[in-house]
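Start counting the sequence shown at 63; every next residue gets the next number (the working numbering).
Ideal Cβ placement from N, Cα and C applies to all residues, glycine included.
Keep in mind it's a predicted model, so treat the numbers as computed, not measured.
This report concerns only the one structure given below.
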Amino acid sequence: MNIIIFGPQGSGKGTQADLLCEKYNLAHIETGLIFREISREESDLGRNVKEILDQKEMIPDDITLEVLEDRLEKVSPERGVLLDSAPRTSGQIVPVEKMLQEMNRPIDKAIYITLPYDESVRRITKRYACTVCYRHFVLGKHIHNTEEPCPTCGGPIMQRNDDTPDGIKKRLDTFYEITIPVIEHYRHKGMLIEVDGNRGVEEVFGDIVSELE
Ligand SMILES: [Zn+2]
Numbered sequence: 063m064n065i066i067i068f069g070p071q072g073s074g075k076g077t078q079a080d081l082l083c084e085k086y087n088l089a090h091i092e093t094g095l096i097f098r099e100i101s102r103e104e105s106d107l108g109r110n111v112k113e114i115l116d117q118k119e120m121i122p123d124d125i126t127l128e129v130l131e132d133r134l135e136k137v138s139p140e141r142g143v144l145l146d147s148a149p150r151t152s153g154q155i156v157p158v159e160k161m162l163q164e165m166n167r168p169i170d171k172a173i174y175i176t177l178p179y180d181e182s183v184r185r186i187t188k189r190y191a192c193t194v195c196y197r198h199f200v201l202g203k204h205i206h207n208t209e210e211p212c213p214t215c216g217g218p219i220m221q222r223n224d225d226t227p228d229g230i231k232k233r234l235d236t237f238y239e240i241t242i243p244v245i246e247h248y249r250h251k252g253m254l255i256e257v258d259g260n261r262g263v264e265e266v267f268g269d270i271v272s273e274l275e
């Protein structure tokens, strides 16, 4: 099974992606995380990506496609993939679908986890990330004060530097402007599973699984 997952920041998309990957043994391909890893590499690509991320700009489609292809090629053919927010822009739809077709990985379903705008903002302001392993944690849930180390690896945690009110709004606006047309593409193809993300993790996951099966 090959699936794509979409959702605005704070929708719990990452948590649902982890649960789906575990249940269906899928390789999780999250371009956002991959780019943050690449930005630390001592290479031309690493420096280029770092500069783009530092300026809080979108990674150009050609770099996204190159990195996506590289990661997809590393997954064994028997194993399915979960593409996290890719294709992300309308311009990526055709090349990503062509790439997947050539790799004999047709997309089965696209999942969209919805969340009201204000609820996204409320959730993101409570979100912290590990500076070493990049896992996300919610203040008041996984961690109880901002001085605590990462529960997974013990590294220092901090708020993402773009998790300021303006940064959050900019990223949400980007999602609604850039990614909603991609989601609509999958809706028109009859491939979309839309679930209400404004509920508990188990309820959301239960809905996704029953729709997939
Ligand atoms: Zn960590």
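Here the alpha carbons of Y86 and E256 stand approximately 19 Å from one another.
With a 10 Å radius around the Cβ and a threshold of 16 neighbouring Cβ atoms, K75 comes out buried. Counting C-beta pairs with one atom in each stretch, the region 217 to 236 and the region 104 to 111 have fewer than three that are closer than 8 Å, which means they do not touch. Note on P70: 16 or more other CB atoms within 10 angstroms of its CB, so buried under the neighbour-count rule.
Distances from the CB of C212 to the heavy atoms of ligand 1 include at least one below 7 Å.
Here V129 is not near I155, since their CB atoms are 8 Å or more apart. At a threshold of 7 Å, G217 counts as near ligand 1, since its beta carbon sits closer than that to one of the ligand's heavy atoms. DSSP lists Y190 as the beta-bridge partner residues of F199. Relative to V263, the option among E210, T176, S152 whose CA is nearest is T176.
Contiguous beta strand (DSSP E) elements confined to the region 66 to 133 occur at 89 to 92, taking only those with 3 or more residues. Sequence-distant Cβ neighbours of E273 in its own chain, meaning closer than 7 Å and more than five residues away, are I255. By the 16-neighbour rule on beta-carbons within 10 angstroms, C215 is exposed. Taking the Cα of E135 as reference, the smallest distance to any Cα among Q117, I121, M120, L162 is reached at L162.
Straight-line spacing of the CA atoms in Q117 and E275 works out to 42 Å. Cβ-Cβ distances below 6 Å link D146 to I67, A79, E92 in the same chain, with the five nearest sequence neighbours on each side left out; the list follows chain order.
Distances between the C-beta of V263 and the heavy atoms of ligand 1 are all 7 Å or more.
The three-state secondary structure of E140, taken from DSSP, is coil.
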